[in-house]
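*Asks:*
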Amino acid sequence: MSNKPSSSSNPSTIKHAEKPRNLGNTGRRLLLYFKQLKGKLFFAILMTVLSTAFTVMAPEILGKVTTQLYQGVTTGIFHWDNMIRTLLLLTVIYLISQVFAFGQNFLIAEITSRIIYLIRTDLTIKLNRLPLRFLDSKTHGELLSRVTNDVETVSSTLQQSFSQIISSLATLVGISVMMVLINVRISLIAFAVIPIALFTSSIIIKASQKYFINQQAFIGAMNGHVEEMYTGYSVVRSFNYEEEAKARFSDLNKKILKNSWRAEFLSGILSPLSAFLGNIGYVSVAVMGCFLAIRGQIEVGQIQAFLQYVKQFNHPIGIISNAAGTLQATLAAAERIFEILDEAEESAEHPHPVKLENIQGNVSIQHINFSYLPDQPVIHDFNLEVKSGQTVAIVGPTGSGKTTLINLFMRFYDVDDGSIKVDDIDIRDMKRDDLRSIFGMVLQDTWLFNGTIAENIAYGRQGATRQQVVDAAKTAYVHQFIRTLPNSYDMRISEDASNISQGEKQLLTIARAIIADPPILILDEATSSVDTRTEVLIQNAMNRMMQGRTSFVIAHRLSTIRNADIILVLNHGDIVEKGSHLELMEKKGFYHRLYNSQFEAEEAGSV
Amino acid sequence: MQLLWDCLKPYKLPVVALLLFLIIQSACEILLPTLVADLINQGIQRANTDFIEKAGMNMLLAAIAAMVCSLASGLISARISTMISADLRQQIFFKVQEFSSNEMDLFGVSSLITRTTNDITRIQTFLLYLLRMGVLTPLMMLSGIIMAVFTSGKLSLVLIITLPVMSFVIAWILLSMMGYYKSMQAQFDLLNLVLRENLTGIRVIRAFKQTLHEMERFQEINYEYTRLSIHTQRLIGILMPAVTILMNITTIAVMFFGSKLVMNATMDVGSLVAYVQYITQILLSVMMTSMLFMMYPRLITSLTRIVAVLETSSSIIDGSRPEASIHTGIVEFNHVSFTFPQAEEAVLKDVSFTAYPNQMTAIIGSTGSGKSTIAKLLLRFYDITSGQIRIDGVDIRDYTLHNLRERIGYVPQKAVLFSNTIAGNLRFGKKNASREELLKAAGIAQATEFIQAKEAGLDTPIAQGGANVSGGQKQRLAIARAVIKKPAVYLLDDSFSALDYKTDRTLRQALKSETKDAALIVIAQRISTIIHADRIVVLNEGQVADAGNHEELMERCSVYQEIVRSQFQQEGLL
Ligand SMILES: Nc1ncnc2c1ncn2[C@@H]1O[C@H](COP(=O)(O)OP(=O)(O)OP(=O)(O)O)[C@@H](O)[C@H]1O
Ligand SMILES: Nc1ncnc2c1ncn2[C@@H]1O[C@H](COP(=O)(O)OP(=O)(O)OP(=O)(O)O)[C@@H](O)[C@H]1O
Ligand SMILES: [Mg+2]
Ligand SMILES: [Mg+2]
Numbered sequence: 000m001s002n003k004p005s006s007s008s009n010p011s012t013i014k015h016a017e018k019p020r021n022l023g024n025t026g027r028r029l030l031l032y033f034k035q036l037k038g039k040l041f042f043a044i045l046m047t048v049l050s051t052a053f054t055v056m057a058p059e060i061l062g063k064v065t066t067q068l069y070q071g072v073t074t075g076i077f078h079w080d081n082m083i084r085t086l087l088l089l090t091v092i093y094l095i096s097q098v099f100a101f102g103q104n105f106l107i108a109e110i111t112s113r114i115i116y117l118i119r120t121d122l123t124i125k126l127n128r129l130p131l132r133f134l135d136s137k138t139h140g141e142l143l144s145r146v147t148n149d150v151e152t153v154s155s156t157l158q159q160s161f162s163q164i165i166s167s168l169a170t171l172v173g174i175s176v177m178m179v180l181i182n183v184r185i186s187l188i189a190f191a192v193i194p195i196a197l198f199t200s201s202i203i204i205k206a207s208q209k210y211f212i213n214q215q216a217f218i219g220a221m222n223g224h225v226e227e228m229y230t231g232y233s234v235v236r237s238f239n240y241e242e243e244a245k246a247r248f249s250d251l252n253k254k255i256l257k258n259s260w261r262a263e264f265l266s267g268i269l270s271p272l273s274a275f276l277g278n279i280g281y282v283s284v285a286v287m288g289c290f291l292a293i294r295g296q297i298e299v300g301q302i303q304a305f306l307q308y309v310k311q312f313n314h315p316i317g318i319i320s321n322a323a324g325t326l327q328a329t330l331a332a333a334e335r336i337f338e339i340l341d342e343a344e345e346s347a348e349h350p351h352p353v354k355l356e357n358i359q360g361n362v363s364i365q366h367i368n369f370s371y372l373p374d375q376p377v378i379h380d381f382n383l384e385v386k387s388g389q390t391v392a393i394v395g396p397t398g399s400g401k402t403t404l405i406n407l408f409m410r411f412y413d414v415d416d417g418s419i420k421v422d423d424i425d426i427r428d429m430k431r432d433d434l435r436s437i438f439g440m441v442l443q444d445t446w447l448f449n450g451t452i453a454e455n456i457a458y459g460r461q462g463a464t465r466q467q468v469v470d471a472a473k474t475a476y477v478h479q480f481i482r483t484l485p486n487s488y489d490m491r492i493s494e495d496a497s498n499i500s501q502g503e504k505q506l507l508t509i510a511r512a513i514i515a516d517p518p519i520l521i522l523d524e525a526t527s528s529v530d531t532r533t534e535v536l537i538q539n540a541m542n543r544m545m546q547g548r549t550s551f552v553i554a555h556r557l558s559t560i561r562n563a564d565i566i567l568v569l570n571h572g573d574i575v576e577k578g579s580h581l582e583l584m585e586k587k588g589f590y591h592r593l594y595n596s597q598f599e600a601e602e603a604g605s606v
Numbered sequence: 000m001q002l003l004w005d006c007l008k009p010y011k012l013p014v015v016a017l018l019l020f021l022i023i024q025s026a027c028e029i030l031l032p033t034l035v036a037d038l039i040n041q042g043i044q045r046a047n048t049d050f051i052e053k054a055g056m057n058m059l060l061a062a063i064a065a066m067v068c069s070l071a072s073g074l075i076s077a078r079i080s081t082m083i084s085a086d087l088r089q090q091i092f093f094k095v096q097e098f099s100s101n102e103m104d105l106f107g108v109s110s111l112i113t114r115t116t117n118d119i120t121r122i123q124t125f126l127l128y129l130l131r132m133g134v135l136t137p138l139m140m141l142s143g144i145i146m147a148v149f150t151s152g153k154l155s156l157v158l159i160i161t162l163p164v165m166s167f168v169i170a171w172i173l174l175s176m177m178g179y180y181k182s183m184q185a186q187f188d189l190l191n192l193v194l195r196e197n198l199t200g201i202r203v204i205r206a207f208k209q210t211l212h213e214m215e216r217f218q219e220i221n222y223e224y225t226r227l228s229i230h231t232q233r234l235i236g237i238l239m240p241a242v243t244i245l246m247n248i249t250t251i252a253v254m255f256f257g258s259k260l261v262m263n264a265t266m267d268v269g270s271l272v273a274y275v276q277y278i279t280q281i282l283l284s285v286m287m288t289s290m291l292f293m294m295y296p297r298l299i300t301s302l303t304r305i306v307a308v309l310e311t312s313s314s315i316i317d318g319s320r321p322e323a324s325i326h327t328g329i330v331e332f333n334h335v336s337f338t339f340p341q342a343e344e345a346v347l348k349d350v351s352f353t354a355y356p357n358q359m360t361a362i363i364g365s366t367g368s369g370k371s372t373i374a375k376l377l378l379r380f381y382d383i384t385s386g387q388i389r390i391d392g393v394d395i396r397d398y399t400l401h402n403l404r405e406r407i408g409y410v411p412q413k414a415v416l417f418s419n420t421i422a423g424n425l426r427f428g429k430k431n432a433s434r435e436e437l438l439k440a441a442g443i444a445q446a447t448e449f450i451q452a453k454e455a456g457l458d459t460p461i462a463q464g465g466a467n468v469s470g471g472q473k474q475r476l477a478i479a480r481a482v483i484k485k486p487a488v489y490l491l492d493d494s495f496s497a498l499d500y501k502t503d504r505t506l507r508q509a510l511k512s513e514t515k516d517a518a519l520i521v522i523a524q525r526i527s528t529i530i531h532a533d534r535i536v537v538l539n540e541g542q543v544a545d546a547g548n549h550e551e552l553m554e555r556c557s558v559y560q561e562i563v564r565s566q567f568q569q570e571g572l573l
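The listed protein sequences derive, respectively, from chains A and B.
Heads up: the first sequence is residues 0 to 606, going by numbering that gives the first Met the number 0.
Heads up: the second sequence is residues 0 to 573, going by numbering that gives the first Met the number 0.
Next comes the structure, spelled out in structure tokens:
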């Protein structure tokens with residue numbers, strides 16, 4: 000076990016047998032969504048009731064026709080006109096009931112779909128507010144599953160069971176009234192079925208809940224696994240990892256199977272069980288009726304009518320208990336949705352955020368401490384003053400905390416203590432979006448979306464014109480490349496940007512930052528995959544851009560940072576040296592060694 | 000649909016059993032009213048309490064039998080439907096594991112995910128319903144029709160008109176739903192795609208404060224999906240009342256014509272009442288089937304999407320010589336040309352070079368010159384358009400994919416890590432590597448220091464894509480993952496770009512002693528990385544500009560000279 004790469008040590012693996020949760024609460028929250036569509040819901044229910052009323056009425060009238068026929072046969076006189084009239088009335092009643100049924104379906108289609116829309120909306124809003132710390136801790140597929148599979152489950156089960164429940168309830172009420180009118184005593188026998196049905200249903204529902212919850216959880220885990228294996232397919236293939244991937248998949252698949260067939264079976268039991276109880280009621284009524292009839296306390300005709308109603312009475316009960324089973328799946332899925340909606344969001348925005356005007360770009364960092372994981376500080380007591388227009392280079396061995404510093408500037412993470420100020424305003428006193436419009440950045444991790452090249456560049460600035468896009472591309476030296484593409488600026492970048500090279504991607508991200516034209520520029524290994532000939536060209540453009548603009552540059556190729564005003568040398572999250580290139584070289588310290596390390600290889604080679 | 004039959008085939012026996020149970024169940028349910036009639040007619044008339052009790056017992060038994068049968072059928076249908084869907088899900092995932100880059104690009108990851116999960120769920124729902132309802136309804140309909148025709152052939156003429164009309168209405172509505180479902184599933188793919196992008200690009204999205212824009216983008220699709228959903232739901236909403244009305248009108252027609260027959264004394268009232276009952280049964284079964292039909296368009300959409308995956312075979316055909324395996328690792332590119340599928344121009348043109356074991360072969364060239372493509376071709380993510388790639392003298396297309404990739408240690412340009420522990424990620428290279436082996440590989444990749452700095456060491460969890468380690472750490476883990484494989488050919492695609500020079504240098508030295516007998520192919524941008532390479536292949540716009548060692552190239556290759564100059568000018572050596 001310990002030798003398997005995807006053993007239980009996998010952080011995304013979920014524990015078996017989820018602890019029981021508060022499904023009642025989940026149901027209540029789901030109902031809150033219905034509240035937003037109160038008006039439509041009211042009409043839908045009204046339509047249902049009306050449609051049911053007319054449907055319940057119809058057999059009575061049909062019965063009348065038969066009676067008239069009987070009378071005709073026995074007396075030999077047929078009241079043809081009367082019958083035609085009754086048949087016409089029946090036609091009208093049928094039509095009315097179905098028109099209402101259509102109205103009901105029409106409204107419910109909208110209500111359920113709209114609710115799903117609202118849930119999805121809430122989820123995306125939420126996802127966009129969740130801290131990176133949380134998002135990074137889950138696989139993408141697992142999170143995706145909640146917005147797709149779980150929401151879809153809620154949707155399909157709701158569509159199925161919602162109108163069924165309403166109309167069955169209406170039917171139930173209608174028939175109960177009819178039965179009580181005929182004979183109270185026997186009605187009670189028929190009604191006795193209800194508490195028994197409720198009781199047995201609740202036992203079964205409890206039993207099935209666990210399986211539904213597990214099923215959704217494993218589907219989520221599987222979605223996570225699938226998404227990761229599909230996304231990283233090139234590594235999976237080149238490491239012949241397919242068999243393991245399949246093994247883990249089969250494992251999850253078996254778990255889903257185990258839970259889903261039980262869930263389906265148990266929830267499917269409800270309907271035969273209630274049918275059985277209904278039949279018991281039916282039989283008891285018949286037997287009781289007979290005894291009563293023998294004693295002459297009831298007429299035979301009444302028993303017959305009554306049995307008819309008992310049958311009709313059992314039908315909606317069966318449907319309701321069936322729907323109750325379906326609702327289990329709804330609740331299990333909804334539970335997972337609310338779990339996300341309940342996650343702690345990024346710390347709230349400052350209630351009275353400072354309005355930003357005319358940013359100069361003075362940055363002051365005072366005594367900041369930060370750790371990703373408790374007790375594992377990445378940055379401690381970090382201090383820095385940067386004046387407007389200065390270029391700050393951050394260098395240091397890998398893992399020394401350079402990118403972390405940028406994460407703190409952008410408030411992807413918040414400092415544990417200390418403060419970062421821009422123009423003397425604490426960045427926590429600004430709106431996040433305002434803060435982020437101060438900084439323009441090129442990240443170490445290139446990311447482009449599935450859109451055209453022009454759209455991707457224009458991502459840096461809302462409403463950028465084609466001319467601006469082309470200019471930015473020229474500055475980033477991708478214009479030439481783009482022009483050779485089949486559709487030039489309108490070429491679509493594929494999902495995961497697999498159809499352009501890594502260096503090209505970096506150039507596009509640079510163009511994207513250029514077009515944003517921010518007061519402060521951040522470049523994190525912006526050109527690490529770009530060939531050096533192109534890099535020299537971009538460097539010139541960059542230098543022009545950094546003129547008079549506060550900039551932070553992270554690079555391993557130290558040549559790119561030699562001209563920086565301040566060079567910060569980081570090691571293990573501490574500033575070990577600070578100064579200009581010349582100062583630091585004279586110091587013959589850490590930087591000196593780092594700087595020379597890049598030539599040692601060459602010197603050794605030229606000997 | 001064929002697929003569904005194929006899936007059901009192994010379950011012949013259970014399906015027959017299911018049918019049997021269902022028939023018994025409905026028989027019992029029909030029996031109940033008959034028993035009641037008996038009870039009333041004889042029990043009350045004779046005032047026989049014994050008889051009443053006996054009849055009561057019989058009825059109870061019938062009710063129990065009905066329940067047992069329906070429990071059994073419920074069990075079978077739940078089993079079959081979930082097993083088939085589990086099986087299909089597995090088939091798809093396994094199939095996708097055979098796909099190469101071309102097919103992955105063709106379908107797109109998001110769509111493949113939907114097909115593996117969501118589409119399957121739809122099939123399961125359908126199957127469940129089919130097995131619970133669909134099996135019995137045709138029987139119900141048939142028995143109803145037979146009984147109706149027997150009772151009155153003349154009245155049955157009504158059915159000849161109604162049934163086709165009904166079928167037509169149902170077919171018409173279903174056909175118009177088909178298109179919607181197709182677009183709906185496509186929108187669902189898009190939902191998946193945008194969401195996935197939102198997760199992968201979360202930092203960029205927040206940095207460029209495009210959260211709102213992304214939400215709008217999502218909402219647009221969400222809205223469209225909802226619109227389509229409302230539309231299809233409404234079509235379904237028309238279907239049921241329409242069918243019911245047709246059914247009601249039929250009943251009325253039967254009553255009308257039946258009454259005439261009764262008046263002519265060609266039919267008695269009892270038969271007419273029975274006839275109405277049969278009609279109701281027929282129409283009820285039509286209604287139930289139409290519920291099934293309602294799910295049908297969606298099923299077909301999902302099935303088509305699944306079949307599309309299952310029927311796509313990888314454009315990369317597995318090699319036919321399972322006995323061939325790579326030992327020495329001589330890699331030859333022989334006049335290789337390659338054009339990406341769907342692209343017009345060739346990316347690589349007439350590329351030839353050879354990489355020998357115990358040597359370092361470097362590939363250098365400007366951005367987009369086709370370096371990574373060479374790596375992809377060697378691993379057979381794509382097959383070359385013309386020419387030949389040989390390893391140890393054997394065309395790589397002759398090796399099985401497994402044997403080929405087994406002996407190549409690939410470090411992709413973009414370091415991809417998985418949500419697993421560090422150890423788990425390294426074990427991609429070797430399934431049951433011991434901790435010593437892991438540590439050794441980590442040592443060569445210069446990763447020991449930072450792994451040990453982590454509290455949990457090798458057991459430190461890595462987030463998806465390696466989001467919780469630094470860029471350089473990610474790259475070193477990716478290198479260690481390849482090193483642990485002890486391959487015959489190392490293929491490092493720009494794998495030092497995020498490393499500082501010092502780490503770069505020590506790593507290369509460690510690698511060199513480790514890779515003694517292997518061929519080392521290094522794609523790089525930094526001259527310092529490759530200056531000692533035994534052979535440097537200079538790639539320019541998809542063609543080999545020149546190949547040789549550093550000194551030779553400095554003498555005669557202008558592209559190389561330019562590259563070198565651009566770097567040393569930067570580094571201040573010129
Ligand atoms: N999300 C995270 N959770 C936990 N630890 C993290 C996370 N991100 C980074 N770290 C750790 O914090 C340290 C600093 O990482 P950082 O990304 O800032 O390094 P860096 O200086 O940018 O390195 P590189 O040059 O390799 O990009 C590393 O040891 C890294 O493993
Ligand atoms: N799937 C694809 N379909 C079409 N064109 C592609 C595809 N993948 C890459 N290309 C194009 O082929 C060319 C070569 O790409 P490749 O990734 O081999 O470049 P590279 O030399 O590795 O560049 P870099 O140094 O930036 O990594 C690029 O111009 C790229 O846009
Ligand atoms: Mg970094
Ligand atoms: Mg490349």
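Beta carbons are placed, not taken as given, at the ideal position from N, Cα and C, and that holds for glycine.
Computed from a prediction, not measured in an experiment: that's the story for all the values here.
Tell me whether the beta-carbon of L581(A) lies closer than 8 Å to the beta-carbon of I393(A).
*Replies:* No. Outside cutoff.
*Asks:* So, for L265(A): in the same chain, excluding its five sequence neighbours on each side, which residues have a beta-carbon less than 6 Å away from its beta-carbon?
*Replies:* Cβ within range, chain order: I203, A206, S207.
*Asks:* Assign G462(A) to one of two classes, buried (16 or more other C-beta atoms within 10 Å of its C-beta) or exposed (fewer than that).
*Replies:* Exposed: under 16 other Cβ atoms inside 10 Å.
*Asks:* Which residues, in chain order, sit with a beta-carbon under 5 Å away from any heavy atom of ligand 6?
*Replies:* In terms of ligand content, the structure shown lacks ligand 6 and carries ligand 1, ligand 2, ligand 3 and ligand 4 instead.
*Asks:* With respect to the alpha helix (DSSP H) encompassing M177(A), which residues constitute its N-terminal and C-terminal limits?
*Replies:* Residues 150-181.
*Asks:* Under 8 Å, Cβ to Cβ, is there at least one residue of chain B near L68(A)?
*Replies:* With 8 Å as the cut-off, L68(A) counts as an interface residue toward chain B.
*Asks:* Assign W260(A) to buried or exposed, taking buried as 16 or more other Cβ atoms, counted over all protein chains shown, within 10 Å of its Cβ.
*Replies:* Buried: at least 16 other Cβ atoms inside 10 Å.
*Asks:* Could you tell me whether any non-hydrogen atom of ligand 2 is closer than 7 Å to the CB of V346(B)?
*Replies:* Answer for V346(B): yes, Cβ within range of ligand 2.
*Asks:* So which residues put a beta carbon under 5 Å from any heavy atom of ligand 2, going in chain order?
*Replies:* Result: N498(A), I499(A), S500(A), Q501(A), G502(A), F339(B), A342(B), V346(B), T366(B), G367(B), S368(B), G369(B), K370(B), S371(B), T372(B).
*Asks:* With distances taken Cα to Cα, identify the nearest neighbour of D492(B) among Y398(B), T360(B), D394(B), I383(B).
*Replies:* Nearest option by C-alpha distance: T360(B).
*Asks:* Looking at chain A, which residues of the segment 81-93 of chain B have a Cβ within less than 7 Å of any of its Cβ atoms?
*Replies:* Answer in chain order: T81, M82, A85, R88, Q89, F92, F93.
*Asks:* Which residues, in chain order, does the segment 390-403 of chain B contribute to contact with chain A at a C-beta distance below 7 Å?
*Replies:* Those residues of the segment 390-403 of chain B that come within reach of chain A (Cβ to Cβ, closer than 7 Å) are H401.
*Asks:* Is P373(A) close to chain B? Criterion is C-beta to C-beta, closer than 8 Å.
*Replies:* Not closer than 8 Å to any Cβ of chain B, the Cβ of P373(A) fails to qualify, so no.
*Asks:* Under 8 Å, do S160(A) and T225(B) count as touching if we go by C-beta distance?
*Replies:* No, Cβ-Cβ distance for S160(A) and T225(B) is not below 8 Å.
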